[in-house]
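*Asks:*
2 protein chains.
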Amino acid sequence: MKTREIHLASRPTGWPEPSNFELVETELPAPAEGQVLVRNLFMSVDPYMRGRMNDRRSYTPPFRIGAPLTGAAVGEVIESRAEGLAVGDLVRHQNGWREHTLLDASAAERLPGLSGISPSAYLGVLGMPGLTAYVGLLDIAGFKKGDAVFVSGAAGAVGGLVGQIARLKGASRVVGSAGSAAKVAHLQEALGFDAAFNYRDAPVAEQLNRAAPDGIDVYFDNVGADHLEAAIGALRVSGRVAMCGAIAAYNATEPPPGPRNIFLAVTKRLTLRGFIVSDHGDRTAAFVEEVGGWLRDGAVRYDETVTDGLENAPSAFIAMLRGENVGKMVVRL
Amino acid sequence: MKTREIHLASRPTGWPEPSNFELVETELPAPAEGQVLVRNLFMSVDPYMRGRMNDRRSYTPPFRIGAPLTGAAVGEVIESRAEGLAVGDLVRHQNGWREHTLLDASAAERLPGLSGISPSAYLGVLGMPGLTAYVGLLDIAGFKKGDAVFVSGAAGAVGGLVGQIARLKGASRVVGSAGSAAKVAHLQEALGFDAAFNYRDAPVAEQLNRAAPDGIDVYFDNVGADHLEAAIGALRVSGRVAMCGAIAAYNATEPPPGPRNIFLAVTKRLTLRGFIVSDHGDRTAAFVEEVGGWLRDGAVRYDETVTDGLENAPSAFIAMLRGENVGKMVVRL
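Each protein sequence line maps, in turn, to chains F and H. Under the UniProt record's numbering, think of the first position of the first sequence as 1, with each following residue one higher. Under the UniProt record's numbering, think of the first position of the second sequence as 1, with each following residue one higher.
(1) Count Cβ pairs between the stretch 311–328 of chain H and the stretch 45–54 of chain H that sit closer than 8 Å; are there 3 or more?
(2) Pull the bridge partners of F:Gln35 from the DSSP assignment, please.
(3) Is there a Cβ from chain F that is less than 8 Å from the Cβ of H:Gly245?
(4) For H:Glu5 and H:Ala181, I'd like the C-alpha separation in whole angstroms.
(5) To the nearest angstrom, how far is the alpha carbon of H:Pro314 from that of H:Pro12?
(6) Can you tell me which residues form a DSSP beta bridge with H:Leu8?
(7) Please report the distance separating the alpha-carbon of F:His100 from that of F:Leu37.
(8) Leaving out five residues on either side along the sequence, give the residues of the same chain with a beta carbon under 7 Å from the beta carbon of F:Val237.
(9) Would you call F:Lys183 buried or exposed, if buried means 16 or more other Cβ atoms sit within 10 Å of its Cβ?
(10) How big is the Cα-Cα spacing for H:Arg260 and F:Ala248?
(11) Tell me the DSSP bridge mates of F:Thr3?
(12) Taking three-plus beta-carbon pairs below 8 Å as touching, is the stretch 172–181 of chain H in contact with the stretch 146–153 of chain H?
(13) Can you tell me which of F:Ile276, F:Ile117 and F:Ala121 puts its alpha carbon nearest to the alpha carbon of F:Thr60?
(14) If you run the structure through DSSP and keep just helix, strand and coil, what is H:Asp308?
(15) Just checking: is the beta-carbon of H:Pro314 within a distance shorter than 8 Å of some beta-carbon in chain F?
(16) For H:Phe263, report the span of its alpha helix (DSSP H) as first-last.
(17) Return helix, strand or coil for F:Ala319, following the three-state DSSP convention.
(18) For a contact meaning CB atoms closer than 8 Å, what does H:Thr271 contact in chain F?
(19) What residues match up with H:Ala178 in a beta bridge as DSSP calls it?
(20) Below 6 Å CB to CB, which residues in the same chain sit around residue 350 of chain F once its five sequence neighbours on both sides are set aside?
(21) Can you pull the chain F residues whose beta carbon is under 8 Å from the beta carbon of H:Val266, in chain order?
(22) What distance in whole Å lies between the Cβ atoms of F:Leu264 and F:Ile232, which are believed to be in contact at a cut-off of 8 Å?
(23) Skipping 5 residues on each side, what residues in its chain have a beta carbon closer than 6 Å to that of H:Trp15?
(24) Which of the residues in the stretch 127–142 of chain H, read from start to end, lie with their CB under 7 Å from any CB of chain F?
(25) Contact check, H:Val74 vs H:Leu28 under 8 Å by CB: the rounded distance?
(26) To be precise: take each residue of the stretch 205–227 of chain F, compare its Cβ to all Cβ atoms of chain H, and keep it if any distance is under 8 Å. Which residues remain?
(27) Using 8 Å as the limit for Cβ to Cβ distance, is H:Phe63 near chain F?
(28) Is it the case that the stretch 63–74 of chain H contacts the stretch 150–164 of chain H, given that we only count it when at least three CB pairs across the two stretches are under 8 Å?
(29) Is the beta carbon of H:Arg98 closer than 8 Å to that of H:Thr3?
(30) Measure the beta-carbon distance from F:Ala154 to F:Leu187 and round it to whole angstroms, keeping in mind my assumption that it falls under 8 Å.
(31) Using the Cα positions of H:Gly88 and H:Ile78, report the straight-line distance between them to the nearest angstrom.
(32) With a cut-off of 8 Å, does the C-beta of F:Pro47 fall near any C-beta of chain H?
(33) Starting from F:Asp279, find everything on chain H with Cβ-Cβ shorter than 8 Å and list it in chain order.
(34) Quick one: is H:Thr253 buried, meaning 16 or more other Cβ sit within 10 Å of its Cβ, or exposed?
(35) Going along the chain, which residues of its own chain have a beta-carbon closer than 6 Å to the beta-carbon of H:Ala225, five neighbours each way excluded?
(36) Grab the span of the alpha helix (DSSP H) containing H:Glu290 for me, first residue to last.
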């Protein structure tokens, strides 16, 4: 059958541009024994994909030029030659950036349907971003009841859930930063943050000191750069940083300056710890049970920014890197 | 009785100078009930004291202008009105920077004599610097057999022991940096480091890559700045940094630049953890048993740079900050 996919046309220097991507029409053979044919319903665009566009091995290998990009997607089985997978089944897999795909049964994770919740939740609050928030806050930063928590990129897929989990687990204060007044209002009004600020309004350190005048115990870092430096300054003795991402650096051609106050880690006995969610698959069951429960109860809210059409996936990806989304950015196919 | 002590005359800006100190003759009353009079034998000069010269609370309060400085010292009881302490006893306490002192019994730690070892060892390899090396390497950095270890300031009181403990505990490679060719030779020839370099010879990152071409698992940081950045670059996946000191920053009037590659902590899942040895007194018994044993067996070597006379304590302190010592810098009184 004929289908369409997005290929990497060239590698970006700095910010990616639409010309780095190419929409390609291609022909899929019929599924072989043990395979399924899947029609993708939603695909994910995530910050980590920017790293894979470079010709440099990071924790995942680079995308190849002239080949389709990959990434999380949910789809519906439309033809099956694999035991245990039937037509109509909902599956999650890594062959995003295309409208249809052939999958070996082992590459398709069968998902229960969610009543009243879009299957795209499996790419966000119940997917990799959700697990990232859960593991980063609870395991990496060792969140404890009563901690004051700051999260950057708080209106993003990960950050919004970090703040909500912290609140539900008894944080003394939850502070978030985001890149627009509308997002700041959303954090305070919809997600229950105690304080939030727009990092474009004034230096982060100054705004963080106002938002958390007694300091913080935990910083969940999605941004790096000035946010990390401000958080190091605001952390109290025995403070902890979960280093999850550094979106400020992803499109920089020169590395941003490092935190000049890093020596405070000694006097304040800080711990800074980086992590990659794929190392923590063993926490999936606990995560799905706890966050899934909150979702069913309405205790956790999740937001999505939805773009329609595979041809718009590159611009959705670039918009997400620019912070134009609220909550999880997904592409509906 | 008449005695002499060193007072803080003024606070330094940048590097301390002799004029920041004043040698003062003073009169000590006879010991009150519960007190001892101690003649100090050796006093310690340590990097952390530089922070206490500033008018800014760090993890210890600042020294006061016009009052004697304090710090670890070992001395001999010459008059006792305290139960459990007799004339001739060797004690360790915090009233250094003076030739004699009155102590409440609770402020004096009675020490066993060491056969063939100078009592000054209680200020170094068996004192706070030794415990710092032990806790930092084993507990904070979580050293494991087979780890490749890099330590900066390796010819100092802490660094020299870090390298030796790592070797004795089965490190795959022990690398040190120091500030002169003589120190580098000392690390390799006397202390058993596998490789060492003079950080003044060429960029640290370049020299570290040559000294540890397969990377490192643990970095024990006494220096900060370019050393920390180089170590972050050289650390392998799941690498750990014990942040102990940042001597590069102690006398700087502007903070040195932060590590520009800190975002590698995410992709390499690094942990950077600061610590202060005084939080870890519960490890003293294990430390004394293990390191004391190595010392008795001759498995661990310790070095001292000894300056004579209280009047020379300020210049010994400044020389230590400039890295002119090999091993522990002490003043014999």
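C-beta atoms are modelled at their ideal positions from N, C-alpha and C, and glycine is treated no differently. Note that this is a predicted model, so its numbers are computed, not measured.
*Replies:* So, to answer that:
(1) yes
(2) F:Asp104.
(3) yes
(4) 36 Å
(5) 12 Å
(6) H:Phe21 and H:Ile65
(7) 7 Å
(8) Lys268 and Arg269
(9) buried
(10) Going from the Cα of H:Arg260 to the Cα of F:Ala248 covers about 12 Å.
(11) Residue pairing of F:Thr3 in beta bridges, as defined by DSSP: F:Thr26.
(12) yes
(13) F:Ile276
(14) strand
(15) No Cβ of chain F is located within less than 8 Å of the beta carbon of H:Pro314.
(16) Here H:Phe263 belongs to no alpha helix (DSSP H), and DSSP marks it neither H nor E.
(17) Reduced to three states, the DSSP call for F:Ala319 is helix.
(18) In chain order, Thr271, Leu272, Arg273 and Gly274 make up the part of chain F whose C-beta sits under 8 Å from the C-beta of H:Thr271.
(19) H:Asn198
(20) Beyond the ends of chain F as shown, which are 1 and 333, falls residue 350 of chain F; an answer cannot be given.
(21) Correct list: Met243, Cys244, Gly245, Ala246, Gly274, Phe275 and Ile276.
(22) About 5 Å; that satisfies the 8 Å criterion.
(23) Asn251
(24) Those residues of the stretch 127–142 of chain H that come within reach of chain F (Cβ to Cβ, closer than 7 Å) do not exist; the list is empty.
(25) Not a contact, Cβ separation roughly 18 Å.
(26) Gly224
(27) no
(28) A contact is defined here as three or more CB-CB pairs under 8 Å, and the stretch 150–164 of chain H fails this definition with respect to the stretch 63–74 of chain H.
(29) yes
(30) With a Cβ gap of about 5 Å, F:Ala154 and F:Leu187 count as contacting.
(31) 6 Å
(32) no
(33) Arg269
(34) It counts as exposed.
(35) Ala248 and Pro256
(36) Thr284 to Asp297
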